[in-house]
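My numbering applies: residue 671 is where the sequence shown begins, and numbers increase by one.
One structure below.
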Amino acid sequence: MTEITGRTSIWAILADPIHHVKTPQALNALMRERGVDGVLIPAHVSAEDLPGFIAGLKSMRNFKGFIVTVPHKTAIVDLCDEVSEQARAIGAVNAVRLEADGRLIGEMFDGAGFVAGLRQAGIEPHGRSVYLAGAGGAANAIAFALAEAGVSLLTIANRTRSKSEELKERLAQHFPAVPVEIGTPDPSGHEIVVNATSLGLREGDPLPLDVTRLSADQIVAEIIMQPETTSLLAAGKERGCRTHPGHPMLAGQVEQWADFLGMRP
Ligand code: ATR
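Here is the structure:
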């Protein structure tokens, strides 16, 4: 896109907070490369306003779809007319396409993006033991993708224990061969440690796990993109761990998002 005209198609990313998002840069660059007459804008929408905002969007005919992130990934599922079986099992979506007939179709790419990002960095999750902090939308997607990749153990640790237990049950239905446990804040004894909570996004956030239990043989991975070095990654580095930042998860899914959202010339 060189100029916004009356023919330009509009996409958005919905989030609260919004300032940290990197999706506009990533998808606008990709549309330029593909020669798409479109633009993706940041939309700062609160959880409370989400249903009303979505209802209004449906009447905008040059609006083609959106990416959703914190805190909307779970709530948006019920506002979609159709979601894939995988997204339904995960209970969250992060990309929604608006069809010409006004129907909203949702899909979840976080998990595949995270695993693709790990592999791109030469980290193969198959056969490894993984500690996962969080049981929200992103954590659910990552848990499913890690189970699909064939981890040897997945330990889920979340502030709200009932959510970890529900996730464990859903994983058992889809991946009965993968051992899943409910963990504590102590990540020791796992080869890969993943923060899939939203902690680290806001200044002054508590750490998502007990970093004093990290050891140099562990890999510490993040899903938070901004700041690039979260307190968790800094603590991991200090303890000699290999660290894996949040942005590869985004890089791992931009092409998939663009295809799904219909960003074509
Ligand atoms: P996302 O879509 O990014 O995954 P989410 O579904 O709202 O966002 O999930 C946020 C995750 O961060 C959850 O695991 C949440 O824990 P709860 O399930 O207990 O809410 C976790 N989280 C957020 N704030 C937290 C805090 N202050 N302490 C511990 N965990 C927190």
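Idealized CB from N, CA, C, for every residue including glycine.
Bear in mind the structure is a predicted one, so any value in this text is a computation, not a measurement.
Bridge partner(s) assigned by DSSP for residue i
i, result
"Ser679", "Gly708"
"Arg767", "Gly735, Ile775"
"Val821", "Answer is none; Val821 lacks a bridge partner."
"Glu752", "Ile775"
"Ala713", "Leu684"
Residue i, enclosing beta strand (DSSP E) - first and last residue
i, result
"Gly772", "First-last for Gly772: undefined, no H or E at that position."
"Ala803", "799 to 803"
"Arg789", "Run containing Arg789: none in the beta strand (DSSP E); it sits in the alpha helix (DSSP H), 780 to 790."
"Gly735", "733 to 738"
"Arg912", "912 to 914"
Cβ-heavy atom distance, residue i to the ligand ATR, below 7 Å
i, result
"Arg840", "no"
For residue i, the first and last residue of its enclosing alpha helix (DSSP H)
i, result
"Gly722", "720 to 727"
"Gln926", "924 to 930"
"Met919", "917 to 921"
CB contact below 8 Å: residue i versus chain C
i, result
"Phe845", "In the displayed structure, chain C is absent; only one protein chain is listed."
Ignoring anything shorter than 3 residues or poking outside the segment 827 to 901, list the beta strand (DSSP E) runs there in chain order. 850 to 852, 862 to 865, 889 to 892
Residues around the ligand ATR, please: the condition is that the C-beta lies closer than 7 Å to some non-hydrogen atom of it. Thr739, Val740, Pro741, Lys743, Thr744, Ala762, Gly804, Ala805, Gly806, Gly807, Ala808, Ala809, Asn828, Arg829, Thr830, Lys833, Ala866, Thr867, Ser868, Leu869, Asp875, Pro876, Pro878
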